[in-house]
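Residue numbers (my numbering): 6 to 354.
What follows is a set of notes on a single structure, which appears directly below.
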Amino acid sequence: MTRFRPAIDALRAYAPGEQPPGGADVVKLNTNENPYPPSPRALAALGAIDAESLRRYPQPFADAFRRSAAEVLGVDPEWILAGNGSDDLLTMLFRAVAGTGRAVAYPAPTYVLYRTLAAIQGAPALEAPFDEEYTLPVDALADAGAALTIVANPNSPSGTAATIEQLAELAGRAAGVVAVDEAYVAFADGSALDLVRRNDRVIVLRTLSKSHGLAGLRLGFGIAHPDLLSGLAKVKDSYNVDAVAAAVGAAALRDVAYTRETVERIRRTRARLGRALAGRGFRIWPSQANFVLARPADGDARRLYHGLREHGVLVRYFDEPGLADKLRITVGTEPETTRLLSALADLAP
Ligand SMILES: Cc1ncc(COP(=O)(O)O)c(C=O)c1O
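What follows is the structure, given as structure tokens:
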């Protein structure tokens with residue numbers, strides 16, 4: 006008897022971006038965290054956590070958080086399902102929908118976890134290639150006839166976004182469940198949330214990791230018709246959102262003005278970063294996220310990745326076909342961006 010299922014033996018483990026130890030003097034632009042702290046109201050909610058709420062199990066559906074999210078988004082609480090980061094929602098989605106003979110379709114390259122989760126389920130992964138401009142391959146995805154179609158919008162690592170019309174067309178034509186992973190939507194010009202109201206096969210995924218500066222808290226949620234969420238709820242861990250995350254996350258989500266302000270700062274720095282990189286001869290793809298995909302003029306992204314690392318600047322390098330000549334650079338603070346740009350100036354060939 007082998008120790009693991011064949012699908013697990015064959016699996017290459019998902020490698021998250023490097024997390025240097027706290028206190029290290031590095032500019033960390035490799036995992037798309039928010040460079041600004043979470044809302045002061047979220048920190049106040051953290052300070053107000055009492056012993057009793059730690060002694061007890063949390064509410065299985067994070068009810069108070071669910072109500073806050075519903076209010077902020079203008080939907081009924083039954084249309085919200087919370088999870089331990091949006092990765093947890095992705096796990097539920099793949100567990101409930103994908104499997105042997107039940108394929109998953111997504112454009113590629115995209116968030117690598119989709120491939121991993123499909124492999125864990127033993128589900129065929131139908132990868133529809135983006136073109137050079139990262140245009141959503143609507144026909145290829147719709148014609149795949151998959152049980153689950155998933156689109157990160159804005160996409161990672163390209164930062165580009167499909168239009169809502171393209172997503173609506175895809176949702177109308179796809180055979181099964183359609184998930185729009187909106188991890189970066191706060192930095193974009195539009196959201197697909199409206200599709201959820203019109204189509205009970207569509208789920209939109211959100212996270213507090215990026216726009217709310219709470220990647221360490223682990224809190225995300227899905228918005229969909231209650232019938233779709235009920236299937237996901239069957240496969241979730243019983244207490245998948247802890248009491249601290251639910252309380253802090255609710256306070257953060259309600260502080261809409263703070264989020265708007267920090268997102269606006271990031272969008273301004275994104276514009277500066279794009280202009281500066283283009284000025285240095287990089288090709289830049291139009292980003293709707295809190296990072297930019299950039300190709301150096303000589304295509305030697307690997308050299309720059311290592312060089313930046315030596316200068317104490319971490320960016321993301323994917324040694325994969327189509328990406329090996331590019332870097333994904335998170336938008337940091339203004340001083341972090343200045344440090345990145347001066348390191349790049351040092352490294353210029
Ligand atoms: C497209 C996409 N979806 C989901 C996630 C996961 O976010 P979370 O921290 O909510 O699990 C990420 C994180 O990098 C992402 O890039």
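Built from N, CA and C at the ideal position, the CB exists for glycine as well.
Neighbour-count burial assignment, residue i, 16 or more Cβ in a 10 Å radius
i    : result
A152 : buried
F9   : exposed
T7   : exposed
I13  : exposed
D194 : exposed
A252 : buried
T342 : buried
S368 : Here the chain covers residues 6 to 354 and nothing more, so residue 368 does not appear.
L233 : buried
V240 : exposed
P112 : buried
P40  : buried
R275 : buried
D186 : buried
R203 : exposed
N-terminal and C-terminal residue of the alpha helix (DSSP H) that residue i is part of
i    : result
K239 : P231 to K239
L122 : L118 to Q126
A299 : Segment F296 to R300 is the beta strand (DSSP E) holding A299; no alpha helix (DSSP H) there.
F99  : S91 to V102
I13  : P11 to D14
V320 : Not the alpha helix (DSSP H): V320 falls in the beta strand (DSSP E), residues V318 to V320.
R46  : P45 to G52
For residue j and residue i, believed in contact at Cβ under 8 Å, the rounded distance
i    : j    : result
A47  : A257 : 4 Å
A1   : V318 : Nothing can be reported for residue 1, as the shown portion of the chain is limited to 6 through 354.
R285 : D330 : About 15 Å; that fails the 8 Å criterion.
Y244 : P63  : 5 Å
R223 : A250 : 6 Å
E76  : T335 : Wrong, their Cβ atoms sit about 30 Å apart, outside the cutoff.
I169 : A197 : 6 Å
V209 : G221 : Rounded, the Cβ-Cβ distance is 23 Å, inconsistent with contact.
N295 : F192 : 5 Å
L200 : L172 : 6 Å
G218 : P42  : 6 Å
Y19  : V117 : 6 Å
Boundaries of the beta strand (DSSP E) in which residue i is found, first to last residue
i    : result
P112 : V109 to A113
E285 : According to the sequence provided, residue 285 is Arg. The question's Glu does not apply to it. Unbroken run through R285: none, as it is neither H nor E.
L309 : Where L309 is concerned, there is no enclosing beta strand (DSSP E), although the alpha helix (DSSP H) it sits in stretches over A306 to E315.
L349 : Premise fails: L349 lies in the alpha helix (DSSP H), E339 to L352, not in any beta strand (DSSP E).
A355 : Because the chain is modelled from 6 through 354, residue 355 falls outside the range shown and cannot be assessed.
L34  : V32 to L34
F70  : No beta strand (DSSP E) contains F70, which is instead part of the alpha helix (DSSP H) from D68 to L78.
G254 : Here G254 belongs to no beta strand (DSSP E); instead the alpha helix (DSSP H) covers A248 to R259.
R60  : Taken as a continuous stretch (DSSP letters only), R60 belongs to no beta strand (DSSP E), being part of the alpha helix (DSSP H) at A56 to R60.
Under 6 Å, CB to nearest heavy atom of ligand 1: contacting residues: Each of N37, G90, S91, D92, Y116, A157, S161, D186, A188, T212, S214, A220 and G225 has a C-beta closer than 6 Å to some heavy atom of ligand 1; these make up the full list, in chain order.
Length-filtered (4 minimum) alpha helix (DSSP H) runs lying within the region 119 to 207: Listed in chain order, the alpha helix (DSSP H) runs fully inside the region 119 to 207 are 143 to 148, 169 to 178 and 198 to 203, counting runs of at least 4 residues.
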